[in-house]
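Quick note on this note's numbering: the sequence shown kicks off at 627 and runs consecutively.
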Amino acid sequence: MSCGGMPTTTNRTLWPINGGAIALQPGWFQGHATAFFYINLGFGTDGPSGGPPNMSFPMVPVFQIVGPSKNPYPGSFCLPQVPLPANTTVKAGDNATIQVIEVAVHGASLFSCVDITFADPKDVAEVNETNCFNSTDIQFNNVYSIGAGDSSSGAPAPTLAISRTLLLPLVGILAFTLL
Numbered sequence: 627m628s629c630g631g632m633p634t635t636t637n638r639t640l641w642p643i644n645g646g647a648i649a650l651q652p653g654w655f656q657g658h659a660t661a662f663f664y665i666n667l668g669f670g671t672d673g674p675s676g677g678p679p680n681m682s683f684p685m686v687p688v689f690q691i692v693g694p695s696k697n698p699y700p701g702s703f704c705l706p707q708v709p710l711p712a713n714t715t716v717k718a719g720d721n722a723t724i725q726v727i728e729v730a731v732h733g734a735s736l737f738s739c740v741d742i743t744f745a746d747p748k749d750v751a752e753v754n755e756t757n758c759f760n761s762t763d764i765q766f767n768n769v770y771s772i773g774a775g776d777s778s779s780g781a782p783a784p785t786l787a788i789s790r791t792l793l794l795p796l797v798g799i800l801a802f803t804l805l
């Protein structure tokens, strides 16, 4: 499977069978002052180009980062213990691909992947403060749903995923429009 235009690699990274760290540098390009992140996992090598058939296993809930500027900026963040997706099991030697999707404020989606081989945790470098750290100028926001009200038909009410950072400007725009 291709990811961001890149084919699957034969030089796979060892990743612990009980989950591991993921570190990113999100501000390489202009327009990434805020971004939503999705981290997914695809199992196996039976898909296109020797990768997984799909990336349909979310590893963490979607989250948002807020950087210091819309211009390119240095800095990184690290999630020290990203678990395996719920209801999945692996053994040492299994292959998979971790997919990171960054959706920038202007709508561009950037895809990045790492091909991994699961390994016993003792065979993987220890995660510590020298290889897994967060820059002080990158903040995190939760992304949550706001219910649209009860439905008399018994069908679930639609929800809108929105971050706290985006909600206040939207309320301000709405208030300005109503004046």
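All C-beta atoms, glycine included, are put in the ideal place defined by N, C-alpha and C.
None of the values given here were measured: they were computed from a predicted structure.
Residue closest to residue i, alpha-carbon to alpha-carbon, out of the options
{"i": "Trp641", "options": "Asp763, Ala730, Ser761, Thr723", "result": "Thr723"}
{"i": "Thr636", "options": "Phe766, Asp749, Ser675, Asp746", "result": "Ser675"}
{"i": "His732", "options": "Asn760, His658, Gly645", "result": "His658"}
{"i": "Arg638", "options": "Ser761, Ala751, Lys748, Val740", "result": "Val740"}
{"i": "Asn760", "options": "Phe662, Pro687, Pro700, Val688", "result": "Pro700"}
{"i": "Ile728", "options": "Phe689, Pro747, Ile742", "result": "Inspection of the sequence shows that residue 728 is occupied by Glu rather than by Ile. Glu728 has its Cα closest to that of Phe689, out of Phe689, Pro747, Ile742."}
{"i": "Cys629", "options": "Asp720, Ser738, Ala730", "result": "Ser738"}
{"i": "Thr671", "options": "Pro687, Ala734, Ala730, Ile742", "result": "Ile742"}
Per-residue burial, residue i [other beta carbons within 10 Å of its own, 16 or more giving buried]
{"i": "Met681", "result": "buried"}
{"i": "Met632", "result": "exposed"}
{"i": "Leu800", "result": "Note that Leu800 scores a pLDDT of 36, beneath 50, so its modelled location is shaky and nothing firm can be said."}
{"i": "Thr660", "result": "buried"}
{"i": "Leu634", "result": "Rather than Leu, the amino acid found at residue 634 in this sequence is Thr. Buried is the call here."}
Chain-order list of residues whose beta-carbon lies under 7 angstroms from that of residue i (same chain, five-residue window excluded)
{"i": "Leu805", "result": "Low confidence applies here, because Leu805 scores a pLDDT of 37, under 50, leaving its location unreliable; read the following figure in that light. Excluding residues within five positions, none has a Cβ falling inside 7 angstroms."}
{"i": "Pro698", "result": "Gly653, Trp654, Phe655, Gln656"}
{"i": "Thr762", "result": "none"}
Integer-rounded CB distance, given that residue j should sit under 8 angstroms from residue i
{"i": "Gln656", "j": "Lys696", "result": "6 angstroms"}
{"i": "Gly668", "j": "Pro652", "result": "Incorrect: roughly 22 angstroms between the Cβ atoms, too far for contact."}
{"i": "Ile665", "j": "Phe766", "result": "Incorrect: roughly 13 angstroms between the Cβ atoms, too far for contact."}
{"i": "Phe663", "j": "Thr714", "result": "No, Phe663 and Thr714 are not in contact; Cβ-Cβ is about 20 angstroms, not under 8 angstroms."}
Own chain partners of residue i with C-beta closer than 8 angstroms, once the 5 adjacent residues on each side are dropped
{"i": "Ala647", "result": "Cys704, Leu705, Pro706, Gln707, Val708, Val753, Asn757, Cys758"}
{"i": "Val750", "result": "Leu640, Trp641, Pro642, Gly646"}
{"i": "Pro795", "result": "In this prediction, Pro795 has a pLDDT of 38, which is less than 50 and means its spatial position is unreliable; nothing more can be read from the coordinates."}
{"i": "Ala734", "result": "Gly657"}
Under 8 angstroms between C-beta atoms of residue i and residue j
{"i": "Ile712", "j": "Ile643", "result": "A quick correction: the sequence has Ala, not Ile, at residue 712. No, Cβ-Cβ distance for Ala712 and Ile643 is not below 8 angstroms."}
{"i": "Gly673", "j": "Ile764", "result": "no"}
{"i": "Phe744", "j": "Val769", "result": "no"}
{"i": "Leu650", "j": "Ser702", "result": "yes"}
Same chain, Cβ closer than 6 angstroms to residue i, five either side skipped, listed in chain order
{"i": "Met820", "result": "Because residue 820 is not part of the residues shown, which for the chain are 627 to 805, the question remains open."}
{"i": "Asp720", "result": "Phe744"}
{"i": "Ala730", "result": "Gly657, His658, Ala661"}
{"i": "Asp746", "result": "Ala718"}
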